[in-house]
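Notes to accompany the following structure.
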Amino acid sequence: MSGDLEAMAQNLVAGAKGLLAIDESIGTCNRRFGRFGIPQTSEMRRSWRETLITTPGLSEFISGAILFDETIEQKASNGTRFLEILAGVGIAAGIKVDTGTVPLAGHPDEKITEGLDGLRQRLERYSMLGASFAKWRAVFAIDHGTPSAASVAANSNALARYAALCQEAGMVPVVEPEVLMRGTHSIQECEEATETVLRSVFVALQLHGVQLEGMILKPNMVVPGADSPNQVAAELVAQATVRCLRRVVPAAVPGVLFLSGGQPGPIATARLNAMNSTGPDRPGPQPWALGFSFGRAIQQPALAIWGGASSERGDAQLSVLHRARCNTAARQGLYEPAMENHQTPAIHPYSAAERTALLA
Ligand code: 13P
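For the sequence shown, the working numbering puts the final residue at 367, and the numbers step up evenly by one.
This is the structure in structure tokens:
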């Protein structure tokens, strides 16, 4: 068993910090730019990623940043490599290594994640460049008859093969099975699907000999569908999520770092806080750290502020820092909605249209 992997995984969850996911594919990043009229060019994507990773004080709240293949060798406008900037402030560099999803044959409404071919060589290259961890995302939609047993089995197998290859390359795998929030399903349906998926993922991880101490789980929170009429309080999300995790996630896993999945930032933060605070309705201490690996729930308000204008970079960075700070507070059960009043005045509240857009 590699002590290095274990130490690296522990490092990612240390100090109540979390991960900043900035690994959107070119298509996804462009789609999000399109909503704010930001030119969909490689230079604008580079500039946005530079804005994020050069946020002053970011390392107080963020332990690692997940990059994308296009980004990992890019440089800031002053010529410094992104990887050097991150290393300079003690933020670990991670890399998304799946190559996206395609329809699962025989199950046209479901997706299988690809990217295993040549992965050993790609991991070797990323590791040489300085990445210490990686990410692979599988997606499961809740609908009539889905997720199917076939999609759960196929995606679990791919996640486990990816995780084993990562550890072989000396990198910590962030294992991301995402039950999507899209739909009208109830929180109970989400809990059932999430439990089924996670149970299968851990069977596959153990089959492939993945060292649980040297990995991170990145799941969805257990929430009602975004279009469900039955939305619930943060306490109920916390209870359902922790109950589900306790049934299936071995205590050897050092950290469960949630994706935000389209939840508005303050809501994701309040739910994370409820999982980490004590009290009669609260779940109490758990064997693993419960933290964050958010993309949209940290980036989205800042992206709206930046809008592609370098003059807005400072305000956008304040917004990033604000959300990161709130999430670090939530990891300790110390977040209060009043913290939102101390945010930069330039932060825009979410409109209904933005909420829909967050899910895209
Ligand atoms: P969101 O927090 O926006 O869901 O992004 C996290 C992520 O890494 C998705 O793969």
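Think of the CB as a built atom: it goes at the ideal place given N, C-alpha and C, for glycine as much as any other residue.
Asked	Found
Buried or exposed (CB count within 10 angstroms, at least 16 for buried), S317	exposed
Range covered by the beta strand (DSSP E) that runs through V146	F140 to F147
Any non-hydrogen atom of the ligand 13P within 6 Å of R144 CB	yes
Ranges of the alpha helix (DSSP H) found wholly within the region 129-208, counting only runs of at least 4	156-175
Beta-carbon proximity check, I92 vs A141, cutoff 7 Å	no
Closest residue to V204 among A245, S155 and I223 (Cα-Cα distance)	S155
Cβ neighbour criterion (16 or more within 10 Å) applied to I29	buried
Through-space distance from E198 to R320, alpha-carbon basis	39 Å
Those residues which DSSP pairs with T120 across a bridge	T108
Cβ neighbours of N283 in the same chain (closer than 7 Å, five flanking residues each side left out)	L297, A337, R338, Q339 and G340
Length of the line joining the Cα atoms of M228 and I194	10 Å
Check: S326 C-beta below 6 Å from any heavy atom of the ligand 13P	no
S70, DSSP secondary structure in three states	strand
Identity of the residue in C36, N237, G177 and Q306 nearest G190 by Cα	N237
Buried or exposed (CB count within 10 angstroms, at least 16 for buried), I73	buried
Closer than 6 Å: F301 CB and nearest the ligand 13P heavy atom	yes
Buried or exposed by the 16-neighbour rule on C-beta atoms within 10 Å, applied to T87	exposed
Buried/exposed call for N85, threshold 16 Cβ in 10 Å	exposed
T351 versus T78: straight-line alpha-carbon distance, rounded	Note that T351 scores a pLDDT of 46, beneath 50, so its modelled location is shaky; the value from the coordinates is reported in the next line. For T351 and T78, the distance between alpha carbons rounds to 28 Å.
C-alpha distance - D124 paired with D116, whole-angstrom precision	24 Å
For H215, three-class secondary structure by DSSP	coil
Residues of its chain near L172, where Cβ-Cβ distance is below 7 Å and the 5 sequence neighbours each way are ignored	L126, R127 and L130
P294 and Q17 closer than 7 Å at C-beta	no
Pairwise C-alpha distance: G315 and M178	34 Å
Whole-angstrom distance between K82 and G137, CA atom to CA atom	14 Å
G25, buried or exposed, once every other Cβ within 10 Å from all chains shown has been counted against 16	buried
Reduced DSSP category for R52 - H, G, I as helix; E, B as strand; rest coil	helix
Assigned secondary structure, V63 (DSSP; H/G/I helix, E/B strand, else coil)	Per the sequence shown, the amino acid found at residue 63 is Pro instead of Val. Residue state, collapsed to three classes: coil.
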